[in-house]
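Structure record follows, encoded as structure tokens.
Residue numbers (my numbering): 127 to 638.
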């Protein structure tokens, strides 16, 4: 008998049908992967399985768990967090910013101790820092806290919605090995939602392919991957970031450089909260970025990648020399650096928390124009908004909608549009494709290349996905514990890595 059984599940908002006759089952100890592009209905299917679909949704069909039909809220409530747990896609918004990690994991109950759970998910260093808050953790570390919370009660079904989206490749392998070990030792079923087909091929028993709210193909992984039947499945299997970075023009200038850059965060302890030590997030780093080129920054969670990007944009306090467009900016005051802000833009890792939920898409994208180009007319701004939406692959009709109405991938494209509309010289991209499925990843990479070619744009591209880095970055730095352990031409580092840590990253990224 199947542990989970869904038959003819339909879900709609008003006249818009989102899920259409979804049917599948999951046996005890089985991993079913659900793949498909952003907006295909993957996450909404998982939420419906827990009775967490939006209250305004109209839903019908059969959902059963352990042979018992689930139809009332009390049925789902008895199972949530105990028999069924879920790892959500966006750790920044899923964790309470006002509670420590100790309190949040402790709220789940369970027999496992908090230190044991932290060790299982690779957060040993936080065993002595249980009073840390989510903002003190990197994106990958926050995701691992969520995983610890999800497994605290040894659930029979674990729904993993992009569980390694914000996690670097080395931790990704550890987390997925942990999930496989738990699946085997506890005979636990896993519903694994992902856009990474490499992981599906290695981990899942069966795969369901979703497209526009329907399951278009389902079967054993080996059969679906070797002999796909549906055209969309064939397209999905052939979609991944491909090609090589654009050649850097012979006549170029330096856009950005830093020398001996340091960002040290104080650790305070004792009753009087005196500084007892420092976290050296960025420790004596020097880099150079040329016009029309991309510098990839890779490394494990907590290595200092994002902190470095923020420091170069003067969003973090730092020590050391920073030169942008030929001007020394490390000593500038806020009002002095403000005129340069339109030329340096940032695309954040978590598109949901970076978009104002009370603003429509038009307002979000227009905001920068109003600040930096107040003389533009409303008609001019509207034309530019329409054009940038078209360029990032979104229909113009979505302008009057709010961020919560979009999938994670669509929200990220809105974030990219917001940055690109100002026509900057430098864009810092912090995991810009981590929330996107493979087909959209490839489109975004090609879009970024198009912007780079037509606008002579320069990118700092922070990522844990080395396949994406290989497709767009001409040069690469590898960071660990706040330091650069290797740097040089991307192709050369991939072909002949010198540092053992770099070799480990590459092996993990391609599951060698």
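Cβ coordinates follow ideal geometry from the N, Cα and C atoms, glycine included.
Selected residue, minimal CA-CA separation from residue i, among the options
i           : options               : result
residue 369 : 594, 138 and 243      : 594
residue 481 : 512, 467, 538 and 460 : 538
residue 550 : 518, 530 and 498      : 498
residue 423 : 199, 598 and 444      : 598
residue 140 : 548, 181, 129 and 150 : 181
residue 489 : 478, 418, 527 and 148 : 527
residue 533 : 522, 566 and 323      : 566
residue 602 : 244, 415 and 429      : 415
residue 440 : 432, 430 and 455      : 455
residue 156 : 164, 578 and 333      : 333
residue 389 : 408, 397, 404 and 395 : 408
residue 547 : 492, 186 and 477      : 492
residue 274 : 564, 132 and 240      : 240
residue 278 : 134, 404, 252 and 233 : 233
residue 322 : 149, 131, 164 and 605 : 164
residue 219 : 302, 582, 477 and 176 : 477
residue 447 : 385, 431 and 507      : 385
residue 132 : 190, 184 and 160      : 190
residue 444 : 457, 188 and 400      : 457
residue 300 : 605, 245 and 348      : 245
residue 177 : 572, 577 and 211      : 211
residue 487 : 297, 514, 168 and 185 : 514
residue 431 : 630, 586 and 271      : 586
residue 640 : 582, 554, 372 and 573 : For the chain, the structure presents residues 127 to 638; residue 640 sits outside this window and is missing.
residue 413 : 609, 263 and 618      : 609
residue 393 : 262, 365 and 355      : 262
residue 272 : 336, 207 and 335      : 207
residue 146 : 175, 152 and 187      : 187
residue 469 : 626, 483 and 494      : 494
Secondary structure of residue i, DSSP reduced to three states
i           : result
residue 631 : helix
residue 471 : strand
residue 201 : helix
residue 597 : helix
residue 279 : coil
residue 538 : helix
residue 459 : coil
residue 273 : helix
residue 586 : strand
residue 183 : coil
residue 212 : strand
residue 286 : strand
residue 624 : coil
residue 464 : helix
residue 479 : helix
residue 127 : coil
residue 173 : helix
residue 145 : strand
residue 159 : strand
residue 602 : strand
residue 194 : strand
residue 609 : strand
residue 252 : helix
Presumed contact (8 angstroms Cβ cut-off) between residue i and residue j, rounded CB distance
i           : j           : result
residue 205 : residue 228 : Not a contact, Cβ separation roughly 26 angstroms.
residue 580 : residue 570 : About 16 angstroms; that fails the 8 angstroms criterion.
residue 288 : residue 319 : 6 angstroms
residue 170 : residue 221 : No, residue 170 and residue 221 are not in contact; Cβ-Cβ is about 22 angstroms, not under 8 angstroms.
residue 101 : residue 428 : Since the displayed the chain opens at 127 and closes at 638, residue 101 lies outside it and no answer follows.
residue 611 : residue 542 : In fact, because the Cβ distance is near 30 angstroms, the residues do not count as touching under 8 angstroms.
residue 381 : residue 417 : 5 angstroms
residue 313 : residue 575 : In fact, because the Cβ distance is near 47 angstroms, the residues do not count as touching under 8 angstroms.
residue 350 : residue 343 : 6 angstroms
residue 247 : residue 634 : The pair is not a contact, with the Cβ atoms about 16 angstroms apart (cut-off 8 angstroms).
residue 159 : residue 437 : 38 angstroms between Cβ atoms; not a contact.
residue 336 : residue 589 : That belief does not hold up - the Cβ atoms of residue 336 and residue 589 are roughly 25 angstroms apart, past 8 angstroms.
Residue range of the alpha helix (DSSP H) that includes residue i
i           : result
residue 692 : Since the first residue of the chain shown is 127 and the last is 638, residue 692 is not available in this structure.
residue 617 : 616-621
residue 241 : 240-246
residue 403 : Counting along the chain, residue 403 falls outside any alpha helix (DSSP H), though it belongs to the beta strand (DSSP E) covering 400-416.
residue 490 : 487-498
residue 648 : Residue 648 falls outside the range modelled here, since the chain spans only 127 to 638, and no answer is possible.
residue 515 : 504-517
residue 232 : 227-232
residue 438 : 431-438
Endpoints, beta strand (DSSP E) assigned at residue i
i           : result
residue 381 : 380-395
residue 131 : 130-139
residue 556 : 552-556
residue 448 : 445-450
residue 420 : 420-425
residue 525 : No beta strand (DSSP E) contains residue 525, which DSSP labels as neither H nor E.
>> Just to confirm the assignment: which complete beta strand (DSSP E) runs, minimum length 3, are found wholly within the region 296-363?
In response: Runs of the beta strand (DSSP E) inside the region 296-363: 315-319, 332-337 and 340-346.
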